[in-house]
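Novice: In my numbering, the protein residues as written are 2 to 159. All residues carry an ideal CB built from backbone N, CA and C; glycine is no exception. Computed from a predicted model, the values in this text were never measured in an experiment. The structure's right below; bear with me while I get my questions together.
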């Protein structure tokens, strides 16, 4: 994942509520899987293994976030476990088909959570974050971001 993409995810995470956070993790999984497919396609097996490992780490985070008291969570748990098994097998055989199957499932889950975001009006998880303003401010063809620090005490408040 490029530094620019990491910064984009960091900004999204700092301003996300609970539902948006899950959607962002799905996006991260999808990006890592797309990278793995591309890397396998050009023969970079080591890089593909790292991308698959990063995707599995994101899935681990999704598994940890589940409340298994609910049936929906138990169903998601089964999907996540299936996905991890497929990615482990894909890492051993470099099977694009297996990665594609997982990617297809996560795209469907991502769409579902994008719809759920419309109904979730909860507060963002992180408080005291910097306010970021983006726009075409100085250059005709360049996007400039301005960060306003309200205080030096920012981030998730415990």
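(1) With DSSP collapsed to three states, give me the class of residue 134.
(2) To the nearest angstrom, report how far apart residue 7 and residue 72 are at their CA atoms.
(3) Using a threshold of 6 angstroms, is the CB atom of residue 91 nearer than that to any non-hydrogen atom of the ligand MN?
(4) Whole angstroms is fine: what's the gap from residue 117's alpha carbon to residue 94's?
(5) Work out the CA separation of residue 122 and residue 45 for me, nearest whole Å.
(6) Counting beta carbon pairs with one atom in the region 62-71 and one in the region 33-47, are three or more of them shorter than 8 angstroms?
(7) Which of the three DSSP states, helix, strand or coil, is assigned to residue 34?
(8) Let me know if residue 75 comes out buried or exposed under the rule of 16 or more other beta-carbons within 10 Å of its beta-carbon.
(9) Going by the CB atoms, is the gap between residue 60 and residue 81 shorter than 7 angstroms?
Specialist: Result, derived from the coordinates:
(1) With a pLDDT of only 49 at residue 134, under 50, the local geometry of the prediction cannot be trusted, and the value read off the model is given with reservation. If DSSP states are grouped into helix, strand and coil, residue 134 belongs with the strands.
(2) Cα-Cα distance, rounded: 33 angstroms.
(3) Judged by which ligands are present, the structure shown has none, so any question about the ligand MN falls away.
(4) Just so you know, the alpha carbons of residue 117 and residue 94 end up roughly 36 angstroms apart.
(5) Their Cα atoms are separated by approximately 43 angstroms.
(6) No, the region 33-47 is not in contact with the region 62-71.
(7) Looking at residue 34 - three-state DSSP - the assignment turns out to be helix.
(8) Exposure of residue 75 is indicated by the presence of fewer than 16 other C-beta atoms within 10 angstroms of its C-beta.
(9) Contact: yes.
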